[in-house]
Amino acid sequence: MFREWLNALWFRLKSLPRRQQLEHDLDEELEFHLAMSQQKLVEQGMPPEEARYAARRAFGNPAQTKETARDLWTFRFLETLAQDLRYGLRQLRRNPGFTAVAVLTLALGIGANTAIFSIVNGVLLEPLPYYEPQQIVQISLLYRGQPRNMNFSARQFDFWKSHAEPFQELAATTEVGFNLGGASRPERVKALRVSSGYFRLLGVAPALGREFLQEEDRTGGPDVAILSHVLWERDFGANPKVIGRSIPLDGMPFTVVGVMPAGFESTSPADLWTTIGQVSKTIGGGGNYTVLARLKQNVSQTQASSYLSSLTRPYIEEFDPNHELSDKVAKQISFAAFPYSYIVTRSQRVPLLVLLGAIGFVLLIACVNVANLQMARAATRNREFAIRSAMGAGRLRIVRQVFTENVLLGLLGGACGLLLAYWGLHSLLALAPTDLPHAAHIALDGWALGFTALVAMLSGILFGVAPAFRTSRMDLSEAIKEGGERGTSGRYRLGSALASAEVSLSLVLLVGSGLLLGTFIHLLHINPGFDPHNVLSLQIWTTGPQFKSGTGLANLYEDALRRIRTIPGVQSAAVVAAGLPLERGGNDYVHIAGQKDAEGFSADYREITPAYFRTLGIPLLQGRSFTMADSADTQKVIIVNAAFAREHLHGRDPIGEHLRSGEEIVGVVGDVKSHLDEPAPPTFFVPMAQVNYQSDQLFQGWFPTSVLVRTGQNPMALTREVETNLRKADPHLPIGQVRTMEEVLSQSIAFRRFLMTLITAFGGFSLLLAAVGLYGVISYSMSRRTHEIGIRMALGAVRGDVLKMVIGQGLKLVLIGVVIGVAEALALTRFLSSLLYGVKPSDPLTFIAVSLILIAVALLACYIPARRAAKVDPMVALRYE
691 MFREWLNALW FRLKSLPRRQ QLEHDLDEEL EFHLAMSQQK LVEQGMPPEE ARYAARRAFG
751 NPAQTKETAR DLWTFRFLET LAQDLRYGLR QLRRNPGFTA VAVLTLALGI GANTAIFSIV
811 NGVLLEPLPY YEPQQIVQIS LLYRGQPRNM NFSARQFDFW KSHAEPFQEL AATTEVGFNL
871 GGASRPERVK ALRVSSGYFR LLGVAPALGR EFLQEEDRTG GPDVAILSHV LWERDFGANP
931 KVIGRSIPLD GMPFTVVGVM PAGFESTSPA DLWTTIGQVS KTIGGGGNYT VLARLKQNVS
991 QTQASSYLSS LTRPYIEEFD PNHELSDKVA KQISFAAFPY SYIVTRSQRV PLLVLLGAIG
1051 FVLLIACVNV ANLQMARAAT RNREFAIRSA MGAGRLRIVR QVFTENVLLG LLGGACGLLL
1111 AYWGLHSLLA LAPTDLPHAA HIALDGWALG FTALVAMLSG ILFGVAPAFR TSRMDLSEAI
1171 KEGGERGTSG RYRLGSALAS AEVSLSLVLL VGSGLLLGTF IHLLHINPGF DPHNVLSLQI
1231 WTTGPQFKSG TGLANLYEDA LRRIRTIPGV QSAAVVAAGL PLERGGNDYV HIAGQKDAEG
1291 FSADYREITP AYFRTLGIPL LQGRSFTMAD SADTQKVIIV NAAFAREHLH GRDPIGEHLR
1351 SGEEIVGVVG DVKSHLDEPA PPTFFVPMAQ VNYQSDQLFQ GWFPTSVLVR TGQNPMALTR
1411 EVETNLRKAD PHLPIGQVRT MEEVLSQSIA FRRFLMTLIT AFGGFSLLLA AVGLYGVISY
1471 SMSRRTHEIG IRMALGAVRG DVLKMVIGQG LKLVLIGVVI GVAEALALTR FLSSLLYGVK
1531 PSDPLTFIAV SLILIAVALL ACYIPARRAA KVDPMVALRY E
């Protein structure tokens, strides 16, 4: 059987280039058979003319015989498809208005879906640019079943290296930065301290030179560096002789041992890499390590996580010898291996999938609209379909033709949608936050093209189901008698159901956008704890041997601030290290004097100059602020925020309390948010002059120091003068990012703004489509009921009665859609709960407001055809049809 099928396939393939010859031979053979039959009848005494007709009658339908013969040497289904495509294109050309509206509607839905899919694909689905990236995991904490990022110390990294049974390679990283010397102006470069196995773990080797050696990755080891390809080209002229050359980083000589290939992406953005072993010299043995691992080939991520979980208790016993973690908490935590790609994109995963689902709803609404258009058009083609059926076309053949036309429309919409997606993707990326992961991978690539083609075909099938279903149930005799213009009550019922479906889908999107808009409004009205208006921030880095002295740094800052205060328009100025408000900052473990060891806790901290609170407008609630008298030689003092006093001093007066390390609390200030949607964390502040930079030198590369300047005018206008005065204080001081504190505030909610903007746009678009769909249904209904309306008006109905009838008909459809939509929204908005702040997923105000807006817009869409119907002349209507 299989051999016969192959022979038949081979014969058809051989026949393709001989198609015209085979047709000619077939015609000759049929003529020969007819001639022979006619000759035989003539010989039997029949007149030639009668013999010719009799021979044809006996032979049967020649066209059917030809079709049977062609089936042996042609691909029948391809010919039929080509015929359907040609016929479908002719039909679309004959109806340019319908085609343009349908293609544009689909293009908007498909284009938006393609653009959002490209973002989701680039951020979530695109594999990391490393060798076998699925094998790369990050060791993290699992707390109450939820993954938590966790940083480790050098000793803790050694613990994992000694328990590396499931892993081929382990590596640790920590983000730092260096002041790169040797240029005309001091330059700050991003750096990543990594362990010696880092590049082997990623499966990427340097393009020039070599990787780090184990003997280089240790305390007291040589200072070596590997350059990024971009830095090598920009600052070293792509000179291959840079290998072995010494470059100054933070004033210290580092030997270049390698250059990474072009396009290499570090796990954290970096201009260069150096070894991590030196970080163990910092206080606490280095406490900011991220630990990555590559799984062995025969080990799954689940197996690795099970192994790490078994090490939780040994880990706690080794690094928590005083058992400060309670047994209850210890039972809720464990270690696990999470795919690194998941860790990188975890915070964006739910929002982006919500976006993809939302734009899918928009495409559904667009398909419903086109389905209604198709059914209105199909109602005028009833006679055509009936005649084709009467001539022998089966129902399946007609349905296939309808589907072919619909898929053609879908593909045309997809082609136009690609153009819209190209433009829309650039616009979306312009709106996207700067920290969107893998932004470089976002493009209209082959996956996006495949997605567009698939969506276009599925859309054509989806909106073709309703008209095809209706066509298959058509009464042929009635359709021929009615001429294709009546008998459309079934179409109206189906169109009404689709219109209600549009309203329900639109309501779901509008509720989602309303909840996110409410969240954004709540965030905008949150008091961040400081006054961001008219405050300029400039990043500087005081790393290197020239900045080792705390007294020297304090003098440098005071000199710089004194110069800045002389600038006209400057009201106050200050310096802060270890992080700005609303950004990641320093963290330390604190013990209150007189309290038990177990009552120690983790708290954020900032290093500041005395005018910091005044410059940011942070209120002093108790005690005093820092002064110039708080120097390295005086009593160590700190200021705490209200959350610190409230959560850890248990109602006692904070002023005069001491930390176990000797610092005295001299003041309490208002809470400043680290995240707008979270309570302010306990925070303490240390005067710059009392910070021990000598012992914490390596830590200084982790956070920039920021100069803050409050002005009475546009703060950006003073940027050049502030930079000039900073360089006068120290010409070797690198100046980095310059922003206003209002920008800092805006960037803290950038992703929420991006999400809210897109969902709101999708909601507005869905509302417009639903209104257009409802308008089309009501307009079509009124056009079919013109005769009825004329009779009503002739019998005494006034225009107001007609208006009420038509609007009531539309209102019924809207209310059905609203009820269904509310039920759908209640079921689906729970997926938004992690993105909301200040509003609940079932917020009644949002549901009521959205429902009223939707009803109002829908009534407006119904009013236009209702007003037109009310103006019908009874005499004209009675002559209708």
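For the sequence shown, the working numbering assigns the number 691 to the initial residue and increments by one for each residue that follows. In this text, a Cβ means the ideal position worked out from N, Cα and C, and glycines have one as well.
Cβ distance (whole Å) where residue i is taken to contact residue j below 8 Å
| i | j | result |
| --- | --- | --- |
| N1277 | S1262 | Incorrect: roughly 27 Å between the Cβ atoms, too far for contact. |
| A915 | T964 | 5 Å |
| I826 | L818 | 7 Å |
| S990 | D961 | 36 Å between Cβ atoms; not a contact. |
| L1121 | T1447 | 6 Å |
| T909 | Q968 | 6 Å |
| Y1302 | A1268 | Their Cβ separation, rounded to whole angstroms, is 12 Å, which puts Y1302 and A1268 out of contact at 8 Å. |
| V1597 | H1281 | There is no way to answer for residue 1597, as the model of the chain reaches only from 691 to 1571. |
| L1063 | A792 | 6 Å |
Chain D within 8 Å of residue i, Cβ atoms only
| i | result |
| --- | --- |
| Y1295 | In the structure shown, chain D cannot be found, because there is only a single protein chain. |
Nearest candidate by alpha-carbon position, reference residue i, set the options
| i | options | result |
| --- | --- | --- |
| P1650 | N988, V1399, I1023, F1452 | Given that the chain is displayed from residue 691 to residue 1571, the structure contains no residue 1650 and the question cannot be resolved. |
| L1148 | L1110, I1132, T1094 | T1094 |
| L1118 | L1042, V1265, L832, G1140 | L1042 |
| H723 | R742, V1540, Y1295, Y888 | R742 |
| P1405 | V1428, L1423, K1418, R1558 | V1428 |
| S885 | G1259, E877, F902, V894 | F902 |
| Y997 | L985, E1007, S1321 | L985 |
| V1381 | Q1325, P1372, M1431 | Q1325 |
| T1430 | G1454, T789, V1397 | V1397 |
| L1445 | P1123, K1418, R838 | P1123 |
| S936 | S956, P912, V920 | P912 |
| P1102 | G1114, L1408, D1135, A1143 | Checking the displayed sequence, the identity of residue 1102 turns out to be Leu instead of Pro. Selected option, being the one with the closest Cα: A1143. |
| A1517 | L1464, T1305, L1197 | L1197 |
| P959 | V1058, V1060, C1106, A1130 | A1130 |
| F954 | V894, S852, Q781 | V894 |
| S1203 | G1453, L1188, F1141, A1244 | G1453 |
Exposed unless 16 or more other CB atoms sit within 10 angstroms - verdict on residue i
| i | result |
| --- | --- |
| A802 | buried |
| R1400 | buried |
| F1009 | exposed |
| P1309 | exposed |
| G887 | buried |
| M726 | exposed |
| E1353 | buried |
| R776 | exposed |
| H1338 | buried |
| N1331 | buried |
Same chain, Cβ closer than 7 Å to residue i, five either side skipped, listed in chain order
| i | result |
| --- | --- |
| L1435 | P1218, P1222, L1272 |
| S1194 | G1507, I1510, G1511, E1514 |
| Y1247 | V1265, T1299, M1378 |
| T1317 | P1300 |
| R1443 | F1210 |
| S1351 | none |
| A1056 | T795, L796, L798, G799, L1459 |
| L1046 | I806, F807, V810 |
Close beta carbons around residue i, own chain, < 8 Å, minus the five adjacent residues each side
| i | result |
| --- | --- |
| I1151 | F1093, N1096, V1097, G1100 |
| L1205 | T1519, L1522, L1526, V1529, P1531, D1533, T1536 |
| L1550 | A1461 |
| A1138 | T804, F807, S808, N811, A1111 |
| I1345 | Q1312, G1313, I1355, V1356, G1357, V1358 |
| D1320 | P1300, V1327, P1377, A1379, Q1380 |
In DSSP terms, what residue i is bridged to
| i | result |
| --- | --- |
| R1400 | V1225, S1262 |
| K880 | G867 |
| I916 | G948, W963 |
| P938 | P943 |
| G899 | G948 |
| A1026 | S830 |
| H1348 | E1354 |
Sequence-distant residues of its chain with Cβ nearer than 6 Å to residue i (five each side left out)
| i | result |
| --- | --- |
| V1504 | V1193, I1545, A1548 |
| E1411 | I1257 |
| S1031 | L818 |
Residue i CB to nearest heavy atom of the ligand ZN below 7 Å
| i | result |
| --- | --- |
| I1425 | Among the ligands in the structure shown, none appear at all, so the ligand ZN cannot be discussed. |
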